[in-house]
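The listed protein sequences derive, respectively, from chains A and B.
Here our numbering is used: the first residue of the first sequence is 194, the next is one more, and so on.
Here our numbering is used: the first residue of the second sequence is 69, the next is one more, and so on.
Even glycine gets a Cβ: it sits at the ideal position worked out from N, Cα and C.
Beneath this line is the structure, given in structure tokens, with notes to follow.
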Amino acid sequence: MMMDWTARNLWLIPVLPLLAAGLSALARRRHRRFSAGLAIGSMAVALLLACAAFATAVRHSGTELSRQVVNFRWFELGDGWVRLGWVLDPLTAMMLVMVCLVGLLIFIYSVGYMAHDENFGRFFCFLSLFASAMLGLVIANSLLLFFICWEVVGLTSYLLIGFWYHKPSAAAAAKKAFITTRIGDLAFLIGIVWLYGQAGTLLFYDAGQGCLDKPALAGLATQITSLGVVVPTAIALLIFCGAVGKSGQLPLHVWLPDAMEGPTPVSALIHAATMVAAGVFLVARVYPLMALTPAGSHSGAAALVVIAWVGALTAVFAASIAVAQTDIKRILAYSTVSQLGFMMLGLGVGGVAVGMFHLITHAFFKALLFMGAGSVIHGCHEEQDVRRMGGLRKFMPVTFATYAIGMMALSGVPIFFSGFWSKDEILHAAHAWSMSRWPFYLGVLGALMTAFYMTRQMCFVFFGKCRLALRQTPASEQGSVALPGIPAPEHPQVEHPAEPHESPALMTMPLAVLAFFTVTLGFLGTPAWPWVQSFLEGEHTALNVAGLWRPGVLLVMLISTVVAFTGIGLGYWLYGRDPLDLQQTDVLERRWPNLFTLLRRKYYVDEIYEWTFVGLNAWWATACDWLDRWVWEGAVELIAALVVGIGWVDRVLDEQVVNRWFDETCRSLSTSGGLLSRFQDGRVQKYLRVLGLALVVLVLLLIWGCRAS
Amino acid sequence: MLAWTIYFSFIGAGLLLLLPKGNAQLARAVALFTAIAGFGCAFAGATQVQPGTILTITKLPWIPSLGIEYHLAADGISVTLVLLTGLAAIAGILFSWNLEERAREFFTFYLALIGGVYGVFLSFDVFLLFVFYEIAIIPKYFIIAIWGSTRREYGAMKLALYSFAGSGMVLIGLIAAFVLAGGKSMSLLELAKFPFPHAFQIWAFPLVFVGFGVLAGLWPLHTWAPTGHVAAPTAASMLLAGVVMKLGAYGCLRVAMTLFPEGLEAWKGWVAVLAVIGIVYGAMVALVQKDFKFVIGYSSVSHMGFVLLGLVTLNTIGLSGAVLQMFSHGIIAGLLFAVVGRMVYERTHTRELSVLEGMNLVKAMPFAAVTFVIAGAASMGLPGFSGFIAELQVIIGAWKAFPTLAVITGIGIVIGVAYTLRAMQKAFFGEAEQPLTPTLSPSDGERETASPDEHHYAMDAISVPERIGAVMLIGVSLLIGLYPRLLLDVILPSFNSPLFDWLRKGGGQ
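This is the structure we're talking about:
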């Protein structure tokens, strides 16, 4: 089997941005153009290579060369080798082109958006690092390499959300994002470890030996229970937890809206188009594992059922929150969460192609929307509250036009917009799902709300009259306008001319390019010509217009058309006819104040987490600290005190008992010594006297002795 | 060649005493030269050790009547730790380059400590190992008590007492084993062959293991570690976390586990539980510390838990993970302590996170901030750094031996992220509400060309030795993280030696 040059050298694609990141990390701060040029240049080359890889994949579509892998040894683990590798298959190729293209456009856009930022070079360094890790994740042929890139992606996301770290909210959001996704990653890691334990390899494809190759899967499927759970299902669900964290699904969605504190290009690239979609990509990548049913069972794969339900619930949940938000980026963030839910739903009910198609189209139109939002924010002097905008279509025509295209794609306006076709695929698959009809209903509801909140946003931002000038009215000076729940504008003290302005061409051009793809991409996946689906599944396809008229297809298409127009009409009827004034409360709030507050406060999920998990954790930590400070330290102190106490007792014993005996002995010794010493005090006369006395005694004794004998 | 690591260190220590008093520059140079020579020997010697064999370096009778020998030898595990010691020694000197007060004495004690540590890692005679172990404790006490900071006498005394209590337990266990085995030899290889009775192992293993475990930060005997680290001067806390804690873990592996495999088998579950408690508990406590250095001190307790957990998994994955974690933690903890103790504390004279928060240190010392971000990323086990490979191996090993505990360990990892980020943001990325001195210039245009203390309150720029040291440690962690075979190819075959026969006989695979 001859391997293509592009497949063998696929590693170049992630390594190029990595080199760019490394070089710009070494660059001085004032070398701004160097960093940006390096990042954009490396992405451009990566895009070319990605296109070549894509061409290769298309050429080999459906043949045995459609999946080419390169594996190499990394290190020895116990008695086996840990191997890494990369893979070129349709899934990789498609994702590569999307990431490179969107990435390149956002890089170019960033040059304009971040033009005045002091840390311009650092920004591009981080962006390049992110791109590198993201591309590495896409080509990875090993769950371990995937995880490694996944973590680096998370780190760069942390660094970029917290890019303006001097804002406390940004710093907090960065931390929250990292920790929340890390919770998901923990389960993911356990899943990886378990899979390794079961399959003995973490390579996806390895000439029949990889964990996604059929023999290994068959081996896994026979392992029925351990702890009462089917092993492959348990592993799949653990891996899915990682995707839940990264892709902001329930219940770990809380970090994604907060992540909007980062610069807008970051939101567009990382938190809309690529990184958050990595969770969906993960599920798509390990789909054979997810879809594995235990041997002998005829029910659907349990993991997919869970994925479908989580996706459907998230789609509706997040869309309903988006209805009540007022920050232009937060609306889009909740929309992203909701759309990611749709992708998960698509994967759960329809398979890889359904989810991936929406991933690709969404990446383009959501990046477009975010960059449009960035352009709006830029033009409105860092204003993010939609209620303070209005009438911008006159001031920013290009942004308006492209934003409208993105909005219509997201809302699912039929025929000409890619979002319609990809969402329709999902709804169609949900409609045909055998397990339950509820995900379909939830999806329809989510689609309705999507059209509604996007129309609401459009009306606020681009229609009506411009309310930006009202910002500097005396009433608003302390940020205390009679608008409930709005934080003060970021720099209320800065005096701006209130006139909004269109962004420079450097920012609007990428918008136009994205808008072009937003429209055209849809035609690659229509029921008449499902090229994307067949490409991913390795089949050939031909144009077949009759595919549109099949009863199920047509019905779902009709439903989603009706839903989209209903949502848009409702939104226009409520917000467009009679543009809101600054002081007015929201139409829905007037009608249902309690419900609206519930939605605006995001169902209080943050508060609940704050009370339960965060509070519990803090309590535990304090308890441990207390334990350390008082119990263990106390035990040490106690032992120390005890030792010292015994020491004291010993001392007393020593001084009073042992010493007294000793002293007494010594004293008596010394007394007797003293007595004895009188005999030798050095006085010669005394000595002579004693000597004389002794002589006398001696003589007397001798005399007495002689007489006796 | 490897033996010269020990001799060089002690010769260097002796040489320092001959130097004229008060010439700090010369003392530093001699110390640095000695440390580099030691590392050179370690590196050269490491290449001589054939993977999978035990290289005997020196074997001379020492106290023949008791069968005690001066027996130096090395296998892959020794080599790994000797290399770590060499690196940590160099880094410690680089990060105490500004030390002026009694520099000659400081570096004398420092090198004596290093020499003792090298000795422990190379001794294959249990008695000799014990002697070196004790040699390492004494200089530690003086370094902390004389050059330390916060509550230094207390910290030093606590550390010394804990160490000696531990060694007391070890000594009792070893003497008992020696007598039981016939009193003919103290050689590790000989003793390991002797089948100690089961009942004896049951009480001797915990005695010796816990005795060594004290220095490895075994919960709940870990409290010396944070206070000791905090009290110690920078170089000493780097060594303390970097290599001294490894002495304990090494002793556990080399002596307790090798001599008493049955005891190990009986007690491994308990040790694993204590290790996991240490991981989670250390992380928890680190999360609420107000003192920057205490955060790092407790993080060491948490990370050493991985070592202990890896050891008792009793499979080669977990064991090699434990050894690699010893190396990795030595490098990363050294780096963290260097940032906190040298870069931050010696310039700001505070370690209170709440005070640091108002200083906007990222502007004042960007190099320190970047270093800490990288070190923090390494510490929380991000891929690309050595910690990831090590902790991954430990978790895989633990998954095979104790699945539940492996999951709980994961919680420790998540909290590890939380405390690292918390400390990082508070220390470096806090808001500068009010600059401490009014000289703070609001414009920050060409900050890099201008001296920082023109713009910020008087802080010296990060010096060249600090930069070299930081880059060196980061480089090593990255190198091992990206190409772990450098060490794993040496570590793994070590488990095939006869010392680890129990590994294959027992439950391990």
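Residues that residue i contacts on chain A, provided the C-beta gap is smaller than 8 angstroms
i: aspartate 359(B); result: What aspartate 359(B) touches in chain A: nothing, since even the nearest Cβ is about 12 angstroms away.
Beta-carbon proximity check, residue i vs residue j, cutoff 8 angstroms
i: tryptophan 448(A); j: threonine 373(A); result: yes
i: tyrosine 351(A); j: alanine 367(A); result: yes
i: leucine 70(B); j: glycine 113(B); result: yes
i: glycine 760(A); j: phenylalanine 645(A); result: yes
i: valine 569(A); j: valine 654(A); result: yes
i: alanine 505(A); j: glycine 636(A); result: yes
i: phenylalanine 557(A); j: leucine 707(A); result: yes
i: glycine 106(B); j: threonine 73(B); result: yes
i: alanine 218(A); j: phenylalanine 227(A); result: no
i: phenylalanine 273(B); j: cysteine 320(B); result: no
Nearest-angstrom Cα separation, counted from residue j out to residue i
i: serine 235(A); j: serine 325(A); result: 10 angstroms
i: histidine 684(A); j: methionine 307(A); result: Confidence is the limiting factor: at histidine 684(A) the pLDDT is only 46, short of 50, which leaves the residue's position unreliable, though a coordinate-based value still follows. One C-alpha to the other measures close to 17 angstroms.
i: alanine 200(A); j: alanine 333(A); result: 12 angstroms
i: threonine 666(A); j: glycine 764(A); result: Legend: pLDDT at threonine 666(A) = 44, less than 50; position of this residue unreliable, value from coordinates given subsequently. Those two C-alpha atoms are separated by around 29 angstroms.
i: glycine 373(B); j: leucine 205(A); result: 39 angstroms
i: glutamate 459(B); j: valine 185(B); result: 24 angstroms
i: arginine 223(A); j: isoleucine 463(A); result: 26 angstroms
i: lysine 89(B); j: alanine 95(B); result: 9 angstroms
i: isoleucine 203(B); j: glycine 480(B); result: 34 angstroms
i: alanine 623(A); j: glycine 539(A); result: 7 angstroms
i: arginine 793(A); j: tryptophan 804(A); result: 19 angstroms
i: serine 604(A); j: leucine 342(B); result: 55 angstroms
i: phenylalanine 716(A); j: leucine 410(A); result: 35 angstroms
i: phenylalanine 265(A); j: alanine 427(A); result: 29 angstroms
i: leucine 704(A); j: valine 503(A); result: 32 angstroms
i: leucine 791(A); j: valine 275(A); result: 50 angstroms
i: glycine 159(A); j: arginine 876(A); result: Residue 159(A) is absent from the model: chain A starts at 194 and stops at 902.
i: serine 865(A); j: glutamate 857(A); result: 12 angstroms
i: leucine 571(B); j: glycine 398(B); result: 26 angstroms
i: glycine 316(B); j: glutamate 414(B); result: 30 angstroms
i: proline 288(B); j: leucine 835(A); result: 19 angstroms
Neighbouring residues, chain B, relative to residue i (Cβ below 9 angstroms)
i: tyrosine 389(A); result: Ile464 and Trp467
i: isoleucine 432(A); result: Going along chain B, no residue has its Cβ under 9 angstroms from isoleucine 432(A), so there is no contact; the nearest lies around 14 angstroms.
i: alanine 438(A); result: First, the amino acid is wrong: residue 438(A) is glycine here, not alanine. Those within 9 angstroms of glycine 438(A) in chain B number zero; the least Cβ separation is about 11 angstroms.
Contacts that residue i makes with chain B (C-beta to C-beta distance below 7 angstroms)
i: alanine 814(A); result: Met352, Val353, Leu355 and Val356
i: valine 424(A); result: Within 7 angstroms Cβ-Cβ: nothing; valine 424(A) doesn't reach chain B, min ~12 angstroms.
Residues that residue i contacts on chain A, provided the C-beta gap is smaller than 9 angstroms
i: glutamine 493(B); result: Gly355, Tyr358, Ala364, Ala365, Ala367 and Lys368
DSSP beta-bridge partners of residue i
i: valine 280(A); result: Val262(A)
i: serine 335(A); result: Leu396(A)
i: threonine 719(A); result: Trp722(A)
i: leucine 140(B); result: Thr126(B) and Ser191(B)
i: glycine 273(A); result: Leu270(A)
i: glutamate 425(B); result: Partner(s): none; glutamate 425(B) has no beta bridge.
i: isoleucine 131(B); result: Ile136(B)
i: serine 255(B); result: Asp193(B)
i: proline 420(B); result: One point to set straight first is that residue 420(B) is glutamate, not proline, in the sequence displayed. According to DSSP, glutamate 420(B) bridges with Asp359(B).
Residue i: contacting residues in chain B (beta-carbon distance under 8 angstroms)
i: isoleucine 372(A); result: Val482, Val485, Ala486 and Leu489
Under 7 angstroms from the C-beta of residue i: neighbouring residues of chain A
i: tyrosine 349(B); result: Cys817
i: glutamine 118(B); result: Near glutamine 118(B) there are no residues of chain A at all, since even the closest Cβ is about 16 angstroms away, more than 7 angstroms.
(request) Enumerate, from N- to C-terminal direction, the unbroken alpha helix (DSSP H) stretches of 4 or more residues contained entirely within the segment 809-895 of chain A. (result) 826-845 and 852-870
(request) Only counting runs of 4 or more residues, tell me where the alpha helix (DSSP H) segments fall wholly within the segment 488-575 of chain A, in order along the chain. (result) Taken in chain order, the unbroken stretches of alpha helix (DSSP H) that lie wholly in the segment 488-575 of chain A and span 4 residues or more are 495-515, 521-543 and 545-572.
(request) Report the residue ranges of all alpha helix (DSSP H) runs contained in full by the segment 409-464 of chain A; include only those spanning at least 4 residues, in chain order. (result) The DSSP assignment places complete alpha helix (DSSP H) segments of no fewer than 4 residues inside the segment 409-464 of chain A at 424-439, 448-451 and 457-461, in order along the chain.
(message) What ranges does the alpha helix (DSSP H) occupy inside the segment 310-378 of chain A, keeping only unbroken runs of at least 4 residues that lie completely in it?
(response) 313-332 and 336-354
(request) Could you name each continuous alpha helix (DSSP H) segment of 4 residues or more that falls completely within the segment 226-297 of chain B, going from the start of the chain to the end? (result) Within the segment 226-297 of chain B, the complete alpha helix (DSSP H) runs of at least 4 residues are 256-261 and 266-281.
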